[in-house]
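Undergrad: Numbering (this note's numbering), first residue to last: 79 to 319.
By construction, the Cβ of each residue, glycine as well, lies at the ideal position given by its N, Cα and C atoms.
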């Protein structure tokens, strides 16, 4: 039970230390996002506080704690304990001291375990190596998620521009038809047809605006900066070899 508690304390110290080091090394990500935002800036200013990266970091810290634990179990363990007692000496004793305290020093060292401990250390070291690979994979997947979210915002902006232009055209046609309807130059049927067409493209434009905000929210989450929605994005230069 004591060894298990010690392991948890060690893991907690490692995670806390990693968080402090991460905070010290990510001061540049505390700057506000530039306007317009470029793809390079989105990748550079992303923060590591996303579930994918935090999970990989926690698994790596757990693997390191397991390696330290396996190394500690194979080392030299020293235990010192004692007690303080005061007694009343017997009248028959020649030693009249009342001090009956004691101290014990115990040294433990495992000499041989039929290869169990080296195998355990090797397995722990392999878990640490695997954790590093998982961290690298998590960082690459997070970068891909940021890139996908960035281009999703650009596509949402293009769709909104298309639907907003279509709504403007439909409104002008409907507005002119109302004026002509008052003059008796447009029938009720034609006016209702233009009104229905305008309402269709208007609903489409409202939906496009909602997708714009949703795409920006997803980009902010992928960057580890929830709530920081950018207004403008710069189209990156794409070269095809």
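Using 8 Å as the threshold, is the C-beta distance between residue 213 and residue 134 below it?
TA: Cβ atoms of residue 213 and residue 134: closer than 8 Å.
Undergrad: With residue 209 and residue 283 assumed to form a contact (beta carbons below 8 Å), what rounded beta-carbon distance in angstroms separates them?
TA: Not quite, the Cβ-Cβ distance comes to about 48 Å (not below 8 Å), so this is no contact.
Undergrad: Do residue 113 and residue 315 have their C-beta atoms within less than 8 Å of each other?
TA: Contact: no.
Undergrad: Return the bridge partner residues of residue 157 from the DSSP annotation.
TA: BP columns for residue 157 point to 184.
Undergrad: For residue 220, does the three-state DSSP call read helix, strand or coil?
TA: The answer is helix: DSSP assigns residue 220 an H, G or I state.
Undergrad: Using beta-carbon positions only, say whether residue 183 and residue 162 come within less than 8 Å of one another.
TA: In this structure, residue 162 does not lie closer than 8 Å to residue 183 by Cβ.
Undergrad: Within 10 angstroms of the Cβ of residue 103, are there 16 or more other Cβ atoms? Answer buried if so, exposed if not.
TA: Confidence at residue 103 is low in this model, with a pLDDT of 42, below 50, so its placement is unreliable and the value that follows should be read with caution. Classification of residue 103: exposed, given that the 10 Å Cβ count is below 16.
Undergrad: Which class does residue 312 belong to by DSSP, given the choice of helix, strand or coil?
TA: Coil, per DSSP.
Undergrad: Can you give me the C-alpha to C-alpha distance between residue 292 and residue 267, rounded to a whole angstrom?
TA: Computed Cα separation, rounded: 38 Å.
Undergrad: On the DSSP bridge list, what partners appear for residue 115?
TA: According to DSSP, residue 115 bridges with 311.
Undergrad: Which of the three DSSP states is assigned to residue 173 in this structure?
TA: Residue state, collapsed to three classes: coil.
Undergrad: Report back the beta-carbon spacing between residue 130 and residue 220 to the nearest angstrom; my notes put them in contact at under 8 Å.
TA: That belief holds up - the Cβ atoms of residue 130 and residue 220 are roughly 5 Å apart, short of 8 Å.
Undergrad: Going by the CB atoms, is the gap between residue 234 and residue 303 shorter than 8 Å?
TA: Cβ distance not < 8 Å, so residue 303 and residue 234 don't count as in contact.
Undergrad: I need the DSSP call for residue 141, collapsed to helix, strand or coil.
TA: In this structure, residue 141 counts as helix in the three-state DSSP scheme.
Undergrad: Using 8 Å for Cβ pairs, my map puts residue 148 next to residue 211. What's the rounded Cβ distance?
TA: Contact flag wrong, Cβ pair sits at about 20 Å.
Undergrad: Nearest CA to the CA of residue 251: which residue from 272, 127, 260?
TA: Per the Cα distances, 272.
Undergrad: By DSSP, does residue 164 sit in helix, in strand, or in coil?
TA: Of the three classes helix, strand and coil, the one that applies to residue 164 here is strand, per DSSP.
Undergrad: Quick check on this structure: which residue in 218, 205, 155 has the alpha carbon closest to the alpha carbon of residue 189?
TA: Comparing Cα-Cα distances from residue 189 to each of 218, 205, 155, the minimum goes to 155.
Undergrad: What is the DSSP secondary structure of residue 192, counted as helix, strand or coil?
TA: Three-state DSSP puts residue 192 in coil, outside helix and strand.
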